[in-house]
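In my numbering, the protein residues as written are 4 to 260.
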């Protein structure tokens, strides 16, 4: 509940900032800055003076719960997928309001055959019903064969592919998470109900070098600066703080450039 409130409060602050200076829109919203009733809000890891003191260290507390390194977190899974050298590639709040349109089916990035370039998490911050436009995932569509068909330009083949796809709708309970290969075909649905907020973060596979062809949803000051190992180290220090009053991500700042 605190993270959802923090993201929606932060959106209000950012909307005010970008109204005053539209040039800030790309920094806070990136590629999603012009979509109707749908946005990816880039999140700072540190508290913002613009938000006042109401939120405290909510981002640090959330990252601690998700990536603190023990069996109850996602750390071991990510270590297996991208190693400790995996780059922290995205941290954002995905917000869709009632009236948002259905997305086109897409992969997040151009196909890479060597390995999965990016593993993405969507964490539900409220129950997600069918009416709220959950994400649809086309299972096993992350292969070269499926990618070639999808981008072949052959309408008949593509229609057959989509018609026969094993599609799963990510209706979720609050606190449920989906982790997926960014090459998989997916799309967000139309929201006909109420505000849907998802916490989104990802780590990049260090096996894949060079431009991914996809700019992650992240504050620009964090790009290329933080790894899974870095997060683990600062969270260990945070765990050792008796009252957790110190900001563990102070070294990395608010991500503003």
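Yeah, the Cβ is synthetic: ideal placement off N, Cα and C, and Gly gets one too.
Under 8 Å, do residue i and residue j count as touching if we go by C-beta distance?
{"i": "residue 261", "j": "residue 66", "result": "Because the chain spans 4 through 260 in this model, residue 261 falls outside it and cannot be assessed."}
{"i": "residue 153", "j": "residue 112", "result": "no"}
{"i": "residue 233", "j": "residue 63", "result": "no"}
{"i": "residue 119", "j": "residue 141", "result": "no"}
{"i": "residue 44", "j": "residue 95", "result": "yes"}
{"i": "residue 89", "j": "residue 13", "result": "no"}
{"i": "residue 158", "j": "residue 131", "result": "no"}
{"i": "residue 210", "j": "residue 87", "result": "no"}
{"i": "residue 184", "j": "residue 122", "result": "yes"}
{"i": "residue 7", "j": "residue 242", "result": "no"}
{"i": "residue 172", "j": "residue 133", "result": "yes"}
{"i": "residue 124", "j": "residue 197", "result": "no"}
{"i": "residue 229", "j": "residue 91", "result": "yes"}
Taking the continuous beta strand (DSSP E) assigned at residue i, which residues delimit it?
{"i": "residue 41", "result": "41–45"}
{"i": "residue 206", "result": "199–207"}
{"i": "residue 189", "result": "189–191"}
{"i": "residue 139", "result": "138–141"}
{"i": "residue 16", "result": "Here residue 16 belongs to no beta strand (DSSP E); instead the alpha helix (DSSP H) covers 5–23."}
{"i": "residue 95", "result": "90–99"}
Return the chain-ordered list of same chain residues with a C-beta closer than 7 Å to the C-beta of residue i, the five sequence neighbours on each side being excluded.
{"i": "residue 256", "result": "49 and 224"}
{"i": "residue 114", "result": "147, 150 and 186"}
{"i": "residue 69", "result": "76 and 77"}
{"i": "residue 193", "result": "103, 104, 105 and 136"}
{"i": "residue 144", "result": "168, 187 and 188"}
Starting from residue i, trace the alpha helix (DSSP H) both ways and give me its first and last residue.
{"i": "residue 259", "result": "Run containing residue 259: none; DSSP gives neither H nor E here."}
{"i": "residue 32", "result": "28–32"}
{"i": "residue 63", "result": "61–70"}
{"i": "residue 80", "result": "78–85"}
{"i": "residue 114", "result": "Unbroken run through residue 114: none, as it is neither H nor E."}
{"i": "residue 3", "result": "What the structure shows of the chain is the stretch from 4 to 260, and residue 3 is not part of that stretch, so it cannot be assessed."}
Let me check one thing: in DSSP terms, what residues is residue i bridge-paired to?
{"i": "residue 179", "result": "Residue 179 is not bridged to any residue."}
{"i": "residue 121", "result": "207"}
{"i": "residue 131", "result": "175"}
{"i": "residue 126", "result": "180 and 202"}
{"i": "residue 230", "result": "90"}
{"i": "residue 109", "result": "189"}
{"i": "residue 297", "result": "Because the chain is modelled from 4 through 260, residue 297 falls outside the range shown and cannot be assessed."}
With a threshold of 6 Å on Cβ separation, who are the neighbours of residue i within its own chain once the five nearest residues in sequence on each side are excluded?
{"i": "residue 108", "result": "188 and 190"}
{"i": "residue 21", "result": "27 and 28"}
Please work out which residues of its chain come closer than 8 Å, Cβ to Cβ, to residue i, disregarding the five sequence neighbours upstream and downstream, and give them in chain order.
{"i": "residue 253", "result": "49"}
{"i": "residue 30", "result": "45, 222, 223, 259 and 260"}
{"i": "residue 40", "result": "99, 100, 101, 102, 103, 104 and 194"}
The region 214–226 / the region 125–138 touching (three or more Cβ pairs under 8 Å)
no
| query | Are the region 170–183 and the region 96–108 in contact at 8 Å, needing three or more beta carbon pairs? | reply | no
Review point. How do the region 196–210 and the region 91–99 stand: do at least 3 beta-carbon pairs fall below 8 Å, yes or no?
Key: yes
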